[in-house]
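Worksheet for the structure shown next.
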Amino acid sequence: AEPTPEDFRPRPNVASFNLVISACEAAGQAEPALELLAMMQDGARQRRAAQAHGRAQEYLELLDGTGNARLEHLSPDVVSYNVVLSACAKDARLWERALDLLCNMEENGVDPDLISYSTAVSSCEHAGELASAKQVYRFANRRGFFEHWNALSVGAIDLHTLPAAVAKVALAVALDDVAYRLLNAPAGGFDLDCLATSGVDPPCPRSNEEEFALSATNVVLCDLPLDVITGRGLHSANRTAVLRPQIEEFL
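So, in structure tokens, the structure goes:
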């Protein structure tokens, strides 16, 4: 058969979709970014369905189709999700959409990375949803993505490598840990060494969240030798301490 102009039409790929999604994110347009991601997800689902049901011919047709709406060959990657997460994080009303996206990643075979978790935590923190932000942070911490206790200094909460929003949540989690340990300390007393372990996750019932948060706030008034490391701003744009004033305001 003679080739038609449609045969020479460039087909969109993941990189081109990511580029357009990035443009939407930069312009603060979360909804178009979400729609583009949904288009990619729909195509991926159609392809997986064809594979799962042994419809080999249909699968090949999906890969070889050249129609404008034939996007079945596309699958969003971690960059696709992270850019859309970033777009959601800019709008406090979309924090729940950000959490949905984070869950959706693994359901679609995409492993969240440090940027994924950091952006989801930031989205919740910006929306004032501290409980949800802490929940995501703890989940990521158990997977080895965040660590707020300095392994070289007992009682040191090290925030200097974290974005400001994530650092606030990390501090809240650390203080919750201290509060829980204080409330459940054995008769022998409280040992700061027990905090310098990865993945500390006190079994606080959700109904007591506010109680522990209040107790954690009062920890800073105790005589415990806790240090909060925020850095000196040596890596910031104008080499000034950006994180410290935000942490002081948070406390």
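First residue of the sequence shown: 29, per the numbering used here; consecutive thereafter.
C-beta: ideal position from N, C-alpha, C; glycine also.
Exercise. Between His155 and Asp205, what straight-line distance do the alpha-carbon atoms span, to the nearest angstrom?
Worked result: Numbered from 1 along the sequence shown, position 127 holds the residue referred to as residue 155. Numbered from 1 along the sequence shown, position 177 holds the residue referred to as residue 205. Note on identity: in this sequence residue 155 is Ala, with His being the wrong assignment. Taking C-alpha positions only, Ala155 is separated from Asp205 by approximately 23 Å.
Problem set entry | C-alpha distance - Val149 paired with Asn110, whole-angstrom precision | For the purposes of this step, residue 149 is identified with residue 121 of the sequence shown, where counting begins at 1. For the purposes of this step, residue 110 is identified with residue 82 of the sequence shown, where counting begins at 1. Roughly 12 Å separates the two Cα atoms.
Problem set entry | Cα-Cα separation, Gly137 to Glu63 | The residue you call residue 137 lines up with position 109 of the sequence shown. The residue you call residue 63 lines up with position 35 of the sequence shown. Rounded to the nearest angstrom, the gap between the Cα atoms of Gly137 and Glu63 is 19 Å.
For this session: Output the distance between the C-alpha atoms of Ala161 and Arg209, rounded to the nearest integer angstrom.
Result: Position 133 of the sequence shown, counted from the start, is the residue given in the question as residue 161. Position 181 of the sequence shown, counted from the start, is the residue given in the question as residue 209. So the two alpha carbons sit approximately 21 Å from each other.
Exercise. For Asn169, is the classification buried or exposed, using 16 other Cβ atoms within 10 angstroms of its Cβ as the cut-off for buried?
Worked result: Here residue 169 corresponds to residue number 141 of the sequence shown, with the count starting at 1. The residue in question, Asn169, is buried, as its Cβ has 16 or more Cβ neighbours within 10 Å.
For this session: Would you mind stating whether Val194 and Asp141 have Cβ atoms separated by less than 8 Å?
Result: For this step, residue 194 is matched to residue 166 along the sequence shown. For this step, residue 141 is matched to residue 113 along the sequence shown. Going by C-beta atoms, Val194 is not nearer than 8 Å to Asp141.
Exercise. Can you tell me the Cα-Cα spacing of His176 and Arg39, whole angstroms?
Worked result: Mapped onto the sequence shown, residue 176 falls at position 148. Mapped onto the sequence shown, residue 39 falls at position 11. Each residue's CA atom was taken as its position, placing His176 and Arg39 some 45 Å apart.
Problem set entry | beta strand (DSSP E) runs wholly inside the region 97–137, at least 3 long, in chain order | Taking only runs of at least 3 residues, no beta strand (DSSP E) segment lies wholly in the region 97–137.
For this session: Report all residues from its chain with a CB closer than 6 Å to the CB of Cys152; omit the five preceding and five following residues, and keep chain order.
Result: Taking the first residue of the sequence shown as 1, we reach residue 152 at position 124. The beta carbon of Cys152 is closer than 6 Å to those of Trp123, Ser160 and Ala161 in its chain, skipping five residues each way along the sequence.
Exercise. Can you tell me the Cα-Cα spacing of Gly56 and Asn212, whole angstroms?
Worked result: Numbered from 1 along the sequence shown, position 28 holds the residue referred to as residue 56. Numbered from 1 along the sequence shown, position 184 holds the residue referred to as residue 212. Going by C-alpha positions, Gly56 is about 46 Å away from Asn212.
Exercise. Can you name the start and end residues of the alpha helix (DSSP H) that Ala168 belongs to?
Worked result: The count along the sequence shown starts at 1 and reaches residue 168 at position 140. Where Ala168 is concerned, the enclosing alpha helix (DSSP H) stretches over Leu158 to Arg170.
Exercise. Which partner residues of Val149 appear in the DSSP bridge assignment?
Worked result: Numbered from its first residue, the sequence shown carries residue 149 at position 121. For Val149, DSSP records no beta bridge to any residue.
Exercise. Between the Cα of Glu276 and the Cα atoms of Thr268, Leu199 and Ala207, which residue gives the shortest distance?
Worked result: As a first step, residue 276 must be located in the sequence shown, where it is residue number 248. Check the Cα spacing between Glu276 and each of Thr268, Leu199 and Ala207: the tightest is with Leu199.
For this session: Could you check what DSSP says for Asp186 in three-state terms: helix, strand or coil?
Result: Within the sequence shown, numbered from 1, the residue matching residue 186 stands at position 158. DSSP places Asp186 in strand when its eight states are reduced to three.
For this session: With a 10 Å radius around its C-beta and 16 neighbouring C-beta atoms as the bar for buried, classify Leu113 as buried or exposed.
Result: For the purposes of this step, residue 113 is taken as the residue at position 85 of the sequence shown. When all chains shown are included, Leu113 counts as buried.
Exercise. Which residues share a DSSP beta bridge with Asp255?
Worked result: As a position in the sequence shown, residue 255 is number 227, starting the count at 1. DSSP links Asp255 through a beta bridge to Ala184.
Exercise. When the Cα atoms are used, what is the spatial distance from Ile143 to Phe173?
Worked result: Numbered from its first residue, the sequence shown carries residue 143 at position 115. Numbered from its first residue, the sequence shown carries residue 173 at position 145. Going from the Cα of Ile143 to the Cα of Phe173 covers about 10 Å.
Exercise. How many Å lie between Ala207 and Val201 at the Cα?
Worked result: Here residue 207 is taken as the residue at index 179 of the sequence shown, counted from 1. Here residue 201 is taken as the residue at index 173 of the sequence shown, counted from 1. Between the C-alpha atoms of Ala207 and Val201 there is a straight-line separation of about 10 Å.
For this session: Take Gln163 as the anchor and find which of Cys116, Leu127 and Leu187 has the nearest alpha-carbon.
Result: Position 135 of the sequence shown holds residue 163. Nearest to Gln163 by C-alpha distance, out of Cys116, Leu127 and Leu187, is Leu127.
Problem set entry | Cut-off 8 Å between Cβ atoms - residues of its own chain near Asp139, not counting five sequence neighbours on either side | Position 111 of the sequence shown, counting from 1, holds the residue named residue 139. Same-chain partners within the cutoff: Val106 and Met133.
For this session: Compute the Euclidean distance between the alpha carbons of Ser108 and Val48, then round it to the nearest angstrom.
Result: Looking up residue 108 in the sequence shown gives position 80. Looking up residue 48 in the sequence shown gives position 20. Rounded to whole angstroms, Ser108 to Val48 spans 10 Å at the Cα level.
Exercise. By the 10 Å Cβ neighbour count, where 16 or more other Cβ atoms means buried, how is Thr32 classified, buried or exposed?
Worked result: Taking the sequence shown and counting its residues from 1, one reaches residue 32 at position 4. Classification of Thr32: exposed, given that the 10 Å Cβ count is below 16.
For this session: Going by CA-CA distance only, name the one from Lys196, Pro191, Ile257 and Ala192 that's closest to Ala184.
Result: Working through the sequence shown from its first residue, we reach residue 184 at position 156. Comparing Cα-Cα distances from Ala184 to each of Lys196, Pro191, Ile257 and Ala192, the minimum goes to Ile257.
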